[in-house]
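First residue of the sequence shown? That's 1 in UniProt numbering, and the numbers climb one at a time after it.
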Amino acid sequence: MRWACILLTQLALDGVMRSRADPTVPLVLATGTVPRRVIRTLNPAARALGLKPGMTLTAAQALASGFAVADYDEQQILHWQGFLAAWAYRYSSHVSLDYPRALLLEVESSFGLFGPWPAFEQRLRDELTALGFSHRIVLAPNPAAARVLTNIHDGLAVDQHNLREQVERLPIQRCGLDRESAAALSRMGLKQVRQLLSLPRDTLARRFPAVVLEHLDRLLGLRPVALDCYKPADEFSARIEFNFEVDSHQALLFPLRRLLTDLSAFLAGRDCSVQRFELTLEHRHREHTSLPIGLLTPERDAQLLFEVVRSRLEQVQLPEPVLAVRLLARDLPAFAPQPASLLDERPQQSQPWEQLRERLRARLGDQAIHGLLAVADHRPEASWRREVQGGGIRPGVLGPRPGWLLDEPQPLNDLLPEIIAGPERLETGWWDGADQRRDYYVVRTRDGRVAWAWQAVDGSGPFMLQGWFA
């Protein structure tokens, strides 16, 4: 087995930055009570102002101005780590959250699906960058070594043959030992793990806790590492809170796009889709605005979902400025990809039918767009119906049927049309009181059009026009 460790180097900061439209604005995350709030982390724009981690917020405000302040929230760190675990679940069924601010994935069994490690690694990096998370990635034969090697490496891939060499180069302070043991070893003059491994094991066992030798054995793959496996949630729930009041639809589009991108990543990880979800706009004094979203078919494409939500949102009159936006999706059916042609014959500027359909439905209303569904009934008037959500049963193959059926049959003006095919006799409908006994023909009229017409079984009466062939 080979394990990939994704170390999320600034998870708290990335989680806050993702909800901000302008990443160039200086931002600091602070903790503590108001008199002694301390900067925990900050973005490059804030560092350029001379601010540093550990500086009190009061001192930072005396030194510079024009930077934003947000809370350093440990719960949000756990939330984003869980979100990324859901994203990573699409690439491996063994995902672990046992290490803080890191993901461990067993990836060797996934090489057959996603290609060799260099291509697989680049795919992970591209998606993490698109999601807005900084990271370091290392591949190693066991999860403990993969996690520790990310402390000083990025992009390293080791196997069992050169694992010991890489472990021996690790600094004592960065090899994953507890702080007290690392400090005691440093006082002894030991700087690298190589020096530690050269000492007699019985001497180490007498002078240090047993966890020191156990940790070294895990790094070298001599002792197995038991990890809890992540289980994806049964629903998606996400919320973005604004640090100012939003009173326009346009300003809501960026956070909505971020939420729907996160939803798409979550759905891909669980290999499912969404057909109904709820968008909630939170206000200060008024009741929250709830916007239920329904799709004709299950989808998980972020762009399609965004277009639908944007169209629905444009029809909503905001009763009050928005303080936060929440997205909740509980109905998560299995994903069934739509069949696609190898050669895309659509014009370059056109959009897929599914996206156009959902956009029209969002703009015109749920009942404005419908399809025609075939029904298992031989009578032309009862062989189809309008459908919004689909369903029904397709009948078996009958005779030729026109593409344009009239709502009600009309007398055909041609007294004796040219018969091309027929008759096809239909005797049906006795069970519902609408009994029909007709002989249907494919005929050509005097002006050259091809029609579908019927006549009474006994040959009496005129030909009645039922529909036109293209």
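Yeah, the Cβ is synthetic: ideal placement off N, Cα and C, and Gly gets one too.
Where residue i falls, given that 16 or more other Cβ within 10 Å makes a residue buried
i	result
H215	buried
G390	Confidence at G390 is low in this model, with a pLDDT of 47, below 50, so the placement of that residue should be treated as unreliable; the coordinate-derived value is given next. Exposed, because fewer than 16 other Cβ atoms sit within 10 Å of the Cβ of G390.
E299	buried
M17	buried
G459	exposed
I419	exposed
Q122	exposed
V167	buried
H153	buried
A140	buried
R394	Because the pLDDT of R394 is 49, which lies under 50, any placement of that residue in the model is unreliable, and the number read from its coordinates should be weighed accordingly. Its Cβ having fewer than 16 others within 10 Å, R394 is exposed.
P380	buried
L199	exposed
residue 500	Since the first residue shown for the chain is 1 and the last is 470, residue 500 is missing from the structure and cannot be characterised.
S92	buried
Alpha-carbon spacing of residue i relative to residue j, whole angstroms
i	j	result
A451	L260	49 Å
W117	S109	11 Å
G454	L332	Rather than Gly, the amino acid found at residue 454 in this sequence is Trp. W454 and L332: Cα-Cα distance of roughly 48 Å.
residue 471	V308	Any property of residue 471 remains undetermined from this structure, which presents the chain solely from 1 to 470.
R326	L124	27 Å
residue 479	D447	Limits of the chain in this structure are 1 at one end and 470 at the other, which puts residue 479 out of reach.
R164	L103	23 Å
T41	P337	42 Å
L196	F208	12 Å
G189	P100	29 Å
G422	Y441	5 Å
E427	A456	11 Å
R270	S237	14 Å
W468	P255	51 Å
residue 477	S181	Because residue 477 is not part of the residues shown, which for the chain are 1 to 470, the question remains open.
V211	D159	24 Å
V322	R449	60 Å
G403	A470	7 Å
R201	D217	11 Å
R258	L29	21 Å
G66	D14	20 Å
A302	L113	23 Å
Q315	L281	14 Å
G54	A46	13 Å
N43	T58	18 Å
G392	T297	In this predicted model, G392 has a pLDDT of only 43, less than 50, meaning its place in the structure is not dependable; the value taken from the coordinates is given anyway. Those two C-alpha atoms are separated by around 15 Å.
E320	I39	34 Å
According to DSSP, residues forming a beta bridge with residue i
i	result
F236	A329
S290	T280
M188	Answer by DSSP bridge pairing: none, since M188 is not bridged.
M55	Note: M55 sits in no beta bridge, so no partner.
Y441	A453
A210	DSSP lists no partner for A210.
Q410	L465
V322	V246 and H283
V69	V28
P143	DSSP lists no partner for P143.
T428	Q436
Whole-Å CB distance - residue i paired with residue j, under 8 Å assumed
i	j	result
Q75	L11	With a Cβ gap of about 12 Å, Q75 and L11 do not count as contacting.
A86	A233	7 Å
H94	C229	6 Å
L84	F133	7 Å
E241	A324	4 Å
A68	P26	7 Å
R90	A268	5 Å
I172	L185	5 Å
L295	Q275	5 Å
R147	T9	With 8 Å as the limit, R147 and T9 do not qualify as a contact, their Cβ atoms being about 13 Å apart.
L227	S96	4 Å
V107	A4	5 Å
Reference residue i, options the options, closest by Cα
i	options	result
G50	L63, I39 and L57	L63
R239	D247, S248, L252 and L42	L252
H161	N142, P23, R257 and G15	N142
L222	P402, R312 and A144	A144
I293	T203, R437 and L279	L279
G461	Q410, F254 and M17	Q410
residue 498	F335, D71, C175 and P319	Here the chain has residues from 1 to 470 only, and residue 498 is not among them.
R174	V322, L149, D159 and R284	L149
V246	E121, P35 and H283	H283
V193	V211, L412 and L219	L219
residue 475	T297, D262 and I77	This structure cannot settle anything about residue 475, because the visible part of the chain is limited to 1 through 470.
F277	R330, P417 and K231	R330
T445	I6, F463 and L29	F463
D407	D435, N413, S311 and L465	L465
V138	R169, I77 and I6	I6
Contact test: residue i Cβ vs the ligand SAH heavy atom, cutoff 6 Å
i	result
A336	Of the ligands one can find in the structure shown there are none, so the ligand SAH has no counterpart to examine.
Beta carbon proximity, residue i to chain C, threshold 7 Å
i	result
V309	In the displayed structure, chain C is absent; only one protein chain is listed.
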